[in-house]
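Peer 1:
In the working numbering, the protein residues as written are 4 to 284.
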């Protein structure tokens with residue numbers, strides 16, 4: 004009996020150790036591209052093109068970051084990206100919450116058909132609508148304008164779907180009790196629904212910030228002037244026809260990760276709960 008118990012305990016420890024080793028290996032594989040960006044950013048420039056670059060740089064040239072910021076208008080690009088991203092996050096998260104709440108808690112004619120139409124938008128590649136989208140933005144006079152990038156994707160089908168799935172779990176009895184007490188629909192939404200939806204709001208903020216900060220295709224067709232370029236467009240501009248300074252590109256790419264890391268660190272406590280509550284696996 005004791006031997007069987009010891010064997011079970013040993014098996015359990017081995018399984019736990021194996022799981023941890025797999026997790027560490029997976030984390031290492033996912034982190035390696037970021038490490039390689041860092042290693043390339045701090046290498047001596049002649050080492051990048053030597054063909055003998057190892058995993059660890061021969062020396063750490065921190066001046067590469069200062070040179071990169073000094074040679075290109077990175078701070079201006081970052082400010083453009085930040086303005087677009089922050090405004091887009093506020094608008095997109097608000098619209099997604101309102102739409103998801105309507106689909107989850109209101110019954111109206113054609114609700115399921117409309118929801119299926121929203122889901123079908125997920126299957127349409129951006130490349131299919133890029134030409135008509137450009138024509139619409141051009142007719143509205145929004146070329147080389149922040150709003151030309153913000154408004155076309157003010158509502159995300161994926162975000163609406165996540166909010167709807169999350170808000171289905173909010174008890175209808177709670178909302179009915181508020182209505183009986185005389186609360187308006189807007190008051191119910193802002194005083195009851197929104198506080199209960201902090202996890203899914205955190206998920207929307209993280210995803211929307213990531214999508215907008217990393218967006219390349221939409222700013223590429225909208226921003227015609229270099230002074231309106233975002234970080235991603237600026238990185239593409241650094242690719243020379245005959246020579247590419249990879250140390251500079253990797254330094255700027257590494258700096259561009261900082262805002263996303265800050266956002267994820269700030270909202271991570273709600274992230275897992277929001278994903279689980281939305282029913283995504």
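Cβ atoms here follow ideal geometry from the backbone N, Cα and C, with glycine treated the same way.
For residue 19 and residue 29, what's the separation of their Cα atoms in angstroms?
Peer 2: Position 16 of the chain shown, counted from the first residue, corresponds to residue 19. Position 26 of the chain shown, counted from the first residue, corresponds to residue 29. Answer to the nearest angstrom: the Cα atoms are 15 Å apart.
Peer 1: Which residues in the same chain have their Cβ closer than 8 Å to the Cβ of residue 175, if we skip the five residues on either side of it in sequence?
Peer 2: By one-based count along the chain shown, residue 175 stands at place 172. These residues qualify, in order along the chain: 108.
Peer 1: On the premise that residue 63 lies in contact with residue 45, defined as a C-beta separation below 8 Å, what is that separation, rounded to the nearest angstrom?
Peer 2: Residue mapping note: residue 45 aligns to position 42 of the chain shown, counting from 1. Residue mapping note: residue 63 aligns to position 60 of the chain shown, counting from 1. Indeed they touch by this definition, with Cβ atoms about 5 Å apart.
Peer 1: Buried or exposed for residue 221, going by 16 or more other Cβ atoms inside 10 Å?
Peer 2: Walking along the chain shown from the start, residue 221 turns up at place 218. Flag for residue 221 reads buried.
Peer 1: Got a sec? Which residues, its chain only, sit under 8 Å from residue 133 by beta carbon, not counting five neighbours each side?
Peer 2: As a first step, residue 133 must be located in the chain shown, where it is residue number 130. Closer than 8 Å at Cβ, skipping near neighbours: 220, 224.
Peer 1: With H, G and I counted as helix, E and B as strand and the rest as coil, what does DSSP make of residue 46?
Peer 2: Here residue 46 refers to the residue found at position 43 of the chain shown. Three-state DSSP puts residue 46 in coil, outside helix and strand.
Peer 1: Taking the beta carbon of residue 184 as the centre, do at least 16 other beta carbons fall within 10 Å, making it buried, or is it exposed?
Peer 2: Locating residue 184 in the chain shown gives position 181, counting from the first residue. Its Cβ having fewer than 16 others within 10 Å, residue 184 is exposed.
Peer 1: Return the first residue and the last residue of the alpha helix (DSSP H) that residue 182 is part of.
Peer 2: To locate residue 182, count along the chain shown from 1; it is residue 179. Where residue 182 is concerned, the enclosing alpha helix (DSSP H) stretches over 175-183.
Peer 1: Within its chain, find whatever has a CB closer than 7 Å to the CB of residue 125; leave out the 5 residues flanking it on each side and keep chain order.
Peer 2: One-based indexing of the chain shown puts residue 125 at position 122. So the list reads 160, 161, once near-sequence residues are dropped.
Peer 1: Measuring CB atoms only, is the region 148-158 touching the region 187-204, in the sense that at least three cross pairs come out at less than 8 Å?
Peer 2: Because the criterion of three Cβ pairs below 8 Å is not met, the region 148-158 and the region 187-204 do not touch.
Peer 1: Within the present structure, is the beta-carbon of residue 133 separated from the nearest heavy atom of the ligand NAD by less than 7 Å?
Peer 2: Ligands in the displayed structure: none, and consequently the ligand NAD is not present.
Peer 1: Which residue comes first and which comes last in the alpha helix (DSSP H) that contains residue 167?
Peer 2: Here residue 167 refers to the residue found at position 164 when the chain shown is read from its first residue. Residue 167 -> alpha helix (DSSP H) spans 160-170.
Peer 1: In angstroms with no decimal places, state the Cα-to-Cα distance between residue 153 and residue 15.
Peer 2: What you label residue 153 is simply residue 150 of the chain shown in a count that begins at 1. What you label residue 15 is simply residue 12 of the chain shown in a count that begins at 1. Approximately 52 Å between the Cα atoms of the pair.
Peer 1: Mapping DSSP to helix, strand and coil, what is residue 215?
Peer 2: Reading the chain shown from its first residue, position 212 is the one you call residue 215. Note: residue 215 maps to helix in three-state DSSP.
Peer 1: For residue 104, which of 200, 127, 211 has the nearest alpha-carbon?
Peer 2: Reading the chain shown from its first residue, position 101 is the one you call residue 104. Among 200, 127, 211, the Cα nearest to that of residue 104 is on 200.
Peer 1: Report back the beta-carbon spacing between residue 157 and residue 98 to the nearest angstrom; my notes put them in contact at under 8 Å.
Peer 2: By 1-based counting over the chain shown, the position of residue 157 is 154. By 1-based counting over the chain shown, the position of residue 98 is 95. The pair is a contact, with the Cβ atoms about 6 Å apart (cut-off 8 Å).
Peer 1: State the Cα-Cα distance for the pair residue 47 and residue 254, rounded to the nearest angstrom.
Peer 2: On the chain shown, residue 47 is found 44 positions in, with the first residue counted as 1. On the chain shown, residue 254 is found 251 positions in, with the first residue counted as 1. Straight-line Cα distance between these residues: approximately 12 Å.
Peer 1: With a floor of 4 residues, list each alpha helix (DSSP H) that falls wholly inside the region 198-269, ordered by position along the chain.
Peer 2: Fully enclosed alpha helix (DSSP H) runs of 4 or longer: 201-217, 220-225, 234-240, 249-259.
Peer 1: Since residue 226 and residue 236 are thought to touch, with beta carbons under 8 Å apart, how far apart are those beta carbons, to the nearest angstrom?
Peer 2: Walking along the chain shown from the start, residue 226 turns up at place 223. Walking along the chain shown from the start, residue 236 turns up at place 233. Their Cβ separation, rounded to whole angstroms, is 6 Å, which keeps residue 226 and residue 236 in contact under 8 Å.
Peer 1: Any contact between the region 83-92 and the region 201-221? By contact I mean 3 or more CB pairs, one from each, below 8 Å.
Peer 2: Counting Cβ pairs under 8 Å, three or more are found: they touch.
Peer 1: So, is residue 239 buried or exposed, given that buried needs 16 or more other C-beta atoms within 10 angstroms?
Peer 2: Numbered from its first residue, the chain shown carries residue 239 at position 236. Classification for residue 239: exposed.
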